[in-house]
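Asks: Numbering (our numbering), first residue to last: 506 to 813. All residues carry an ideal CB built from backbone N, CA and C; glycine is no exception.
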Amino acid sequence: MRVLILGASGLLGRELMRVLPGRGHDVVGAGHDRARGQGLHAIDARQPDEVDALLDQVRPSVVVNAIGERRPEFWTPEILEGVNVRTAAHAARGCRRLGCWLVHVSSDYVFDGSDPPYRPDSERRPSNAYGAAKMQAEDQVRAEYPQATVLRLPVLYGPVLHLDESNMTSLVPTVMNAAPAAIDDWAVRYPTLTTDVAHVVADMLGHAHGLSGQVCHWSAAEALTKFAMASLIGRILGMSTNHLEPDQRPSSSRPQNPFLESSLLENLGVAHRTPLESALPGLLHQARRAGMLPGIPVRAAGRSPGRG
Ligand SMILES: NC(=O)c1ccc[n+]([C@@H]2O[C@H](COP(=O)([O-])OP(=O)(O)OC[C@H]3O[C@@H](n4cnc5c(N)ncnc54)[C@H](OP(=O)(O)O)[C@@H]3O)[C@@H](O)[C@H]2O)c1
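1. Can we say the stretch 775 to 786 touches the stretch 731 to 751, given the rule of at least three CB pairs closer than 8 Å?
2. For Cys605, does the three-state DSSP call read helix, strand or coil?
3. For Val567, does the three-state DSSP call read helix, strand or coil?
4. From Asp554, Asp561, Val568, pick the residue whose C-alpha is nearest to that of Leu521; which is it?
5. For Pro685, I'd like the list of residues in its chain whose CB is within less than 6 Å of its CB, leaving aside the five on either flank, ordered along the chain.
6. Along the chain, where does the alpha helix (DSSP H) that runs through Arg647 open and close?
7. Taking the alpha carbon of Tyr635 as the point to measure from, which residue in Pro582, Gly604, Met681 has its own alpha carbon closest?
8. Can you tell me which of the three DSSP states Asp620 falls into?
9. At a cut-off of 6 Å, is Leu658 close to ligand 1 when judged by its beta-carbon and the heavy atoms of the ligand?
10. With a threshold of 6 Å (Cβ to nearest heavy atom), would Arg551 be considered close to ligand 1?
11. Please find out if some non-hydrogen atom of ligand 1 comes closer than 6 Å to the beta-carbon of Asp554.
12. Determine the contact status of His537 and Val508, defining contact as a CB-CB distance below 7 Å.
13. For His546, list the residues DSSP reports as bridge partners.
14. Would you check if there are 3 or more beta carbon pairs closer than 8 Å linking the stretch 587 to 603 to the stretch 693 to 702?
15. So what does DSSP say about His748, is it helix, strand or coil?
16. Exposed or buried, what is Gln828 when buried is set at 16 or more other beta-carbons lying within 10 Å of its beta-carbon?
17. At what residues does the alpha helix (DSSP H) containing Asp708 begin and finish?
18. Quick one: is the Cβ of Leu661 within less than 6 Å of any heavy atom of ligand 1?
19. So, helix, strand or coil for Asp689, using DSSP?
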């Protein structure tokens, strides 16, 4: 299939670009600010003309929309509406016009996390502006193009270009810095490897007909708080985490446990769940080799790069 990845320069998009060709697809990618250095089409998907021109040029059979702004420091109403909602609506409208399938990536943050597990038809009740924007994007996508498929995902980790790119690796400096710090030990997350998600998407492409118009969930099964993630990183790096304090105070602006029940895809035989303990050492090793972990010997950061 000819697949167009929107958001191809991002954490998830880069793994889609890497994995899908090996699964037999002809893949074209588009990014925004970082596109040019990576040989991608550069578009601003907030502009409908730019989305339409790209679709007319590429003529894909499928579009995977992995555009999004997930960094809290950029969650202004304008950015959330422009990047997380409007781009999705433009992609959906363009795909409907061309008659190509759309897989739109959404988030577990559409749920408030008070009553897990969450099924695709569970009531959505976002607890912050990001979750609300992702919910609005889902609604616009499905209104514009009922045949589009929504794929909801939990927190992602994978190969990074800098540590802040994933919530998991953004904990590394706090682990490495000996300064006392309180880390959330209340909200439970299910860190899911971008490589696994890319394989899940590749599997979905083989079920385009059956999945058209559906909402799908995919999640790793291992539950960790941020404190547990930091402790794991410390173990892998061979560093003490005695300076870290578990913070168990509840928060009303984040879901506590938004576990995504994934049986729709599991029943199709989809099964890509790399254990965290086998993926993370390799990723930290790659980060170390790229100079992101000064002072940590390569051996301590994991011996072999994981599947990522
Ligand atoms: N990361 C997570 O933990 C997580 C969890 C659940 C769901 N998700 C969802 O998964 C999707 C991918 O997330 P990610 O972590 O890969 O995000 P990311 O690393 O921040 O990448 C975002 C992508 O969107 C592109 N983009 C931003 N503004 C754009 C615009 N105006 N026009 C065209 N492209 C634009 C970026 O291009 P440039 O970089 O070239 O500017 C980049 O390729 C998002 O929908 C996100 O909400 C992420």
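Replies: Taking the definition as stated:
1. Put simply, the stretch 775 to 786 touches the stretch 731 to 751. At least three CB pairs are less than 8 Å apart.
2. Within the sequence shown, numbered from 1, the residue matching residue 605 stands at position 100. Coil.
3. Against the sequence shown, residue 567 aligns to sequence position 62. Note: Val567 maps to strand in three-state DSSP.
4. Stepping through the sequence shown from its first residue, residue 521 is reached at position 16. The option with the nearest alpha carbon to Leu521 is Val568.
5. Here the question's residue 685 lines up with position 180 in the sequence shown. Setting aside the 5 residues that flank it on each side, Pro685 is surrounded in the same chain by His748, each with a C-beta closer than 6 Å to its C-beta; the list follows chain order.
6. For the purposes of this step, residue 647 is taken as the residue at position 142 of the sequence shown. Looking at the DSSP string, the run of the alpha helix (DSSP H) that includes Arg647 is 634 to 649.
7. Here the question's residue 635 lines up with position 130 in the sequence shown. Checking every option, the nearest Cα to that of Tyr635 belongs to Pro582.
8. Working through the sequence shown from its first residue, we reach residue 620 at position 115. Asp620 carries a coil assignment under DSSP once its states are collapsed to helix, strand and coil.
9. Reading the sequence shown from its first residue, position 153 is the one you call residue 658. Judged by the Cβ position, Leu658 qualifies as a neighbour of ligand 1 at the 6 Å threshold, a heavy atom of the ligand being closer than this.
10. Looking up residue 551 in the sequence shown gives position 46. At least one heavy atom of ligand 1 is nearer than 6 Å to the Cβ of Arg551, so yes.
11. For the purposes of this step, residue 554 is taken as the residue at position 49 of the sequence shown. No; taking the cut-off as 6 Å, the Cβ of Asp554 has no heavy atom of ligand 1 nearer than that.
12. One-based indexing of the sequence shown puts residue 537 at position 32. One-based indexing of the sequence shown puts residue 508 at position 3. No Cβ-Cβ contact shorter than 7 Å links His537 with Val508.
13. The residue you call residue 546 lines up with position 41 of the sequence shown. The beta-bridge partner set that DSSP reports for His546 consists of Ala535.
14. Using a C-beta cut-off of 8 Å, the stretch 587 to 603 makes no contact with the stretch 693 to 702, since fewer than three inter-stretch Cβ pairs fall below that distance.
15. Locating residue 748 in the sequence shown gives position 243, where the first residue counts as 1. Three-state DSSP puts His748 in coil, outside helix and strand.
16. No statement about residue 828 is possible, as the shown extent of the chain runs from 506 to 813 and does not include it.
17. The count along the sequence shown starts at 1 and reaches residue 708 at position 203. If you look at Asp708, you'll find it in the alpha helix (DSSP H) that goes 699 to 710.
18. Indexing the sequence shown from 1 puts residue 661 at position 156. Yes; taking the cut-off as 6 Å, the Cβ of Leu661 has a heavy atom of ligand 1 nearer than that.
19. Residue numbering aside, residue 689 sits at position 184 when the sequence shown is read from its first letter. When DSSP states are grouped into helix, strand and coil, Asp689 belongs to the strand group.
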